[in-house]
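**Student:** Provided herewith is a single structure, encoded as structure tokens, for subsequent inquiry.
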Amino acid sequence: MVLVHSWCRQVESNELCGSEKGEDEYMGNSRKRPLSSTAPGRLQIENDLWGEPEKKAVVVHPEDTQIKQELDDEIEIEPVPDAHYGLLGTRNWEVPQGSIEDLPDEVLRIIFAFLPVTDLFQSLSLVCHRWRIIVGDPRFIPWKKLYHQYLLKEDMALHRVERVLQDFAITDQSKECILGLIRCVSAISTSRHVDPSAVLQCLKCHHLFSRAEVCIANKLPHLQSKTGPENMWAIITAMVLFSDGVRDIQRLMACLQRPCSSLSIVDVTETLYCIATLLYAMREKNIAITNRIHYNIFYCLYLMENASVTAPQVVEEGTPSSLKLTHEQQRILNHKIERGQIVKIMAFAGTGKTSTLVKYAEKFADLSFLYVTFNKAVAERGRLVFPRNVTCKTFHSLAFGSIGKQYKEKGKLNFSKLSAYSVSFLIQNREGQSIFIRGKTVSQTLENFFASSDEEICEEHSPVWFKNTHGERKLVSPKEKRINVEEAKEIWRNMKNLDGDVERKYKITCDGYLKLWQLSKPQLSGYDAIFVDEAQDCTPAIVDIVLSQTCGVILVGDPHQQIYSFRGAVNSLYAVPHTHIYYLTQSFRFGPEIAYIGATILDICKGIRNKTLVGGNQEGDVRGSMAGKITMLSRSNFTVFEDAAKLVGRERQIKIHIIGVRGNCQHVLHIPKPATNLAINDSFIKRWEENDGFIGLKDYATRVDDRELEMKIRIVEKFKERIPELVQKIESSHVLREAMAGKAKLRHKGTSSDYLIGTVHQAKGLEFDTVLVADDFVDVPCVSGNNQRRPQFIIGMYPEDEWNLLYVAVTRAKKCLLMSQSLEHLLALAGVSEILPKCSKPGAGQRGALIPHSLLKTFSPQSNGSKDTGGYLCYSCVQKRFGTMTPLAFLPTLH
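Anchor point for the sequence shown: position 639 equals 640 in the numbering used here, and the numbering is continuous, going up by one each time.
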């Protein structure tokens, strides 16, 4: 399989796809070939018995082969027979020892069946006419091809699946549609040599076999009387439907591959693809069925089809040259960037995007790359892991070197963002509106202009909404927009002026000089291509700079980790046109349990189903277990302070680390350090002491919608006079831990902490063993008894950033995930409750329930990881929670 993958990649990189030359070279079985079929100077790779490179590439120089070249012009040699048909490679480049093209069609069909569909259609079918016929044959892996065609919503596939659903009564009108699914799978055609009794004997060692056998005997007794394989397939299908996770299906496949089983692996995978297609179609038809079963099947098949090229290890520092790559990463490395090309790499969380870029730069060592990002720490890490042909910079450092340093030398550089308070001193006081509210709208106009690609400030940059003096949300009138634009232009003119403004009231911000750099139309010469990391966070101004370059551009990022739209970021991974697009969907960070939660958030909240997040085979847990230290991730800084106060208030002294803090934790808590006499030290807040006091400050925060200040006020209102004591305890309990360069995860330095706490924004790019998700994200209500959402809760009511924040929080976990109640409710919208509420009649349905034990048993995780054990579910609870699965899950006849 390694060689087949390598062949596909070689076809892509050498651009042989679909060419007449490729067809002529790869078609014939008895065709004679000259000994020197490889041109002098071409790289030759020697492979060992496993298809892995045994030595570095050997360059064949013309002077070393002069005699051979003279003989080659006259002599042709028949290939030497090879017992492995070249599948295991050759040790001698001079003498061909057989090739995969010499295999009969029957063997090629079996080999090709193991490959991902993408490779089949984008690579293999383009090699030659013979391979194209095999791949296109309707009898060749029909369900596997139908599954992927259905995901792409091809008309033919939609029609065929719809007909199958109707023929077997798999509809929302049928209460027993799940039994129709089993009847459909049991009708799959099977080879004559298959012995159903032998297969069933192999399955008896699987813990789900007896449950499935009883289910089929009671629900579909007519299948037992048939002499064919129908009963065998029905039991296998029931085992899949009862599976608790990916490992149950992997064990099932292992049982079916035992020597006593007469089933081929293609028979098994075709059956799994059939089940997956029907389950996916049921959800598309709004039939109440959990998405967990489909995910288990997809995950298992994905790992099986890509196992030969997937690296199991996790790299600590950098990326060693021996690291294997996934087929998705290798596909990216096969593309050599050219001038003018725009390549997008859509990378899910933890899928190794940095490692991919490192290997890309290593492979194309003759090219010069510029790696640009937004975070200074990420750029510094890049300098450690990238090879010498890569220059690592931040966008602001490039802008500072060109523009910003001039303003720093003149003392006109402001490293803080524009605030409504500071802008209020730069605009005229007009009747009828608060000066602070007008300061807010003018500052927003400037920030929107800085983030845009426009050359002049216009009314489009003015905010659409504002809060009036009564806190009511109102539309900004056309007249007010014109005033905002005029005043923003005046401030911008004074900001840009290096020689004016003697009092230095109009200092330019970092986003301001970045805007000036964009307007200067910079050309980043000397590079063959630019890597743009975290491209989902690019503003239109940044996008304009990148797209104006003449070299190649590679945009890398996760569109679902865009959590900075409030700063003017646009999801350029969707908005920017591209010449090529690639995906990284397999995460090295976690196993199937955590991957499922992340994939479900994308499915339910964002409708992402065509690309699915998967992980590896490592162990993980989402049902209350813990590993290592607990990391508590929150939506807001208020919750961070609240969590810190709770932890330091325990009897036993707790060591905590606030993520992102390298010095005094005051900077992250945003609380002014209290003096013994409770004097106010913060210059901004101190101004209010002289006028309207705390009430005036609170009114200001409400009027200008300053959420950061409102958070501080909430802390003051809740903890009041306890704040000095709490801040002191938090400081004394705080432990410093530095972010490890080379890999975005934390390493102890000095005394270890018991808990890590922080916001999702602070934790972005990091990973932790155990993550506890706080309950301050979107408040998702409990699903009602009929498995429908409450009328008042609609996913689309919330900005996409809110769901992205939850996705980022979940995907920080490596081993264990402790879920909030809202997250549990969100999973219920997917048709499954990972953690079920206690049954009102515990034990009533124990003898009749066939649901997997871990789903049937009820418990609730506590913050310390303990479990509150409950009873089994009664029939009523089974019906409420599992809907369509109830006919399989509950057998009243067993009572």
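Glycine included, every Cβ here is placed at the ideal spot set by N, Cα and C.
Can you pull the DSSP bridge partners for L727?
**Tutor:** L727 is not bridged to any residue.
**Student:** Using a threshold of 8 Å, state whether the C-beta atoms of A831 and V774 are closer than that.
**Tutor:** Cβ atoms of A831 and V774: not closer than 8 Å.
**Student:** Our contact map puts E329 next to Y584 with C-beta atoms below 8 Å; I'd like the distance itself, whole angstroms only.
**Tutor:** Indeed, because the Cβ distance is near 6 Å, the residues count as touching under 8 Å.
**Student:** With a threshold of 6 Å on Cβ separation, who are the neighbours of C817 within its own chain once the five nearest residues in sequence on each side are excluded?
**Tutor:** Contacts found: D622, S626, M627, A628, T771.
**Student:** Hey, out of S265, F778, A829, P800, whose CA is closest to L807's CA?
**Tutor:** Answer by Cα proximity: F778.
**Student:** Residues in the same chain with beta-carbon distance under 8 Å from L180, minus the five sequence neighbours each way, listed in chain order, please.
**Tutor:** Cβ within range, chain order: K220, L221, P888, L889.
**Student:** Within 10 angstroms of the Cβ of C216, are there 16 or more other Cβ atoms? Answer buried if so, exposed if not.
**Tutor:** Buried, because 16 or more other Cβ atoms sit within 10 Å of the Cβ of C216.
**Student:** Count the other CB atoms within 10 Å of the CB of Y408; is the residue buried (16 or more) or exposed (fewer)?
**Tutor:** The residue is buried, with at least 16 neighbouring Cβ atoms inside 10 Å.
**Student:** With DSSP run on the structure shown, which of helix, strand or coil describes N390?
**Tutor:** N390 falls in the coil class under three-state DSSP.
**Student:** Kindly identify the DSSP beta-bridge partner or partners of I346.
**Tutor:** BP columns for I346 point to V557, Y583.
**Student:** Mark E460 as exposed unless 16 or more other C-beta atoms lie within 10 angstroms of its C-beta, in which case mark it buried.
**Tutor:** Answer is exposed; the Cβ neighbour count stays below 16.
**Student:** Tell me the rounded alpha-carbon separation between S403 and N495.
**Tutor:** Their Cα atoms are separated by approximately 20 Å.
**Student:** Which residues does DSSP pair with D622 in a beta bridge?
**Tutor:** BP columns for D622 point to C817.
**Student:** With DSSP run on the structure shown, which of helix, strand or coil describes G513?
**Tutor:** Correct three-state label for G513: helix.
**Student:** Nearest CA to the CA of G558: which residue from M347, T278, E163?
**Tutor:** It is M347 whose Cα lies nearest to the Cα of G558.
**Student:** Find out if the Cβ-Cβ distance for the pair G616, G650 is shorter than 8 Å.
**Tutor:** Their beta carbons are not under 8 Å apart, which means G616 does not touch G650 by this criterion.
**Student:** Count the C-beta pairs between the region 511–524 and the region 426–435 that are closer than 8 Å, then say yes if the count reaches three, no if not.
**Tutor:** Judged by Cβ distances under 8 Å, the region 511–524 makes no contact with the region 426–435, as fewer than three pairs qualify.
**Student:** Quick check: the region 475–483 against the region 371–386, are there 3 or more CB pairs under 8 Å?
**Tutor:** Short answer: they don't touch.
**Student:** If you follow the alpha helix (DSSP H) that V533 is in, where does it begin and where does it stop?
**Tutor:** Per DSSP, V533 belongs to no alpha helix (DSSP H); it is in the beta strand (DSSP E), 530–533.
**Student:** Given this structure, state the Cα-to-Cα distance separating E652 from D755, to the nearest angstrom.
**Tutor:** C-alpha separation (whole angstroms): 14 Å.
**Student:** Taking the alpha carbon of C203 as the point to measure from, which residue in A213, G229, M233, S262 has its own alpha carbon closest?
**Tutor:** Minimum Cα distance to C203 is reached at S262.
**Student:** Which partner residues does G759 have in the DSSP bridge list?
**Tutor:** Paired residue(s): L634.
**Student:** Would you call the region 604–618 and the region 256–275 in contact, with 3 or more CB pairs under 8 Å?
**Tutor:** Too few Cβ pairs lie closer than 8 Å, so no.
**Student:** If you compare alpha carbons, which of I142, S124, C511 is closest to I111?
**Tutor:** Looking at the Cα atoms, I142 is the closest of the given residues.
**Student:** Does the distance from the C-beta atom of L224 to that of A235 stay below 8 Å?
**Tutor:** Result yes, Cβ atoms of L224 and A235 sit closer than 8 Å.
**Student:** From the DSSP output, read off the bridge partner residues of L371.
**Tutor:** Answer by DSSP bridge pairing, in chain order: T392, I531.
**Student:** For T191, collect the residues of the same chain with a Cβ closer than 6 Å to its Cβ; drop the 5 residues on either side in sequence, then sort them by chain order.
**Tutor:** Answer for T191: P230, listed in chain order.
**Student:** So, under 8 Å CB-CB, I796 and C606 are touching, yes? Tell me the CB distance rounded to an integer number of Å.
**Tutor:** Contact holds; Cβ gap of about 6 Å.
**Student:** Tell me whether W132 is buried or exposed, calling it buried when 16 or more other Cβ atoms sit within 10 Å of its Cβ.
**Tutor:** Counting Cβ neighbours within 10 Å, W132 comes out buried, since at least 16 surround it.
**Student:** Taking only the alpha-carbon atoms, compute the straight-line gap between V717 and N415 and give it to the nearest angstrom.
**Tutor:** V717 and N415: Cα-Cα distance of roughly 29 Å.
**Student:** If we require 4 or more residues per run, which alpha helix (DSSP H) segments fall completely within the region 92–176?
**Tutor:** Within the region 92–176, the complete alpha helix (DSSP H) runs of at least 4 residues are 106–113, 118–123, 130–137, 143–152, 156–168.
**Student:** How far does the alpha helix (DSSP H) with H295 in it reach, from first residue to last?
**Tutor:** Element bounds for H295: 293–307.
**Student:** Could you give the C-beta distance for V533 and I555, rounded to a whole number, given that I count them as a contact under 8 Å?
**Tutor:** Sure, about 7 Å apart at Cβ, within 8 Å.
**Student:** Quick check on D644: buried or exposed, where buried means 16 or more other Cβ atoms within 10 Å of its Cβ?
**Tutor:** By the neighbour-count rule (16 or more Cβ atoms within 10 Å), D644 is buried.
**Student:** Where V269 and L648 are concerned, what is the direct C-alpha to C-alpha distance, given to the nearest angstrom?
**Tutor:** For V269 and L648, the distance between alpha carbons rounds to 52 Å.
**Student:** Got a sec, what are the start and stop residues for the beta strand (DSSP E) R474 sits in?
**Tutor:** 474–476 is the extent of the beta strand (DSSP E) around R474.
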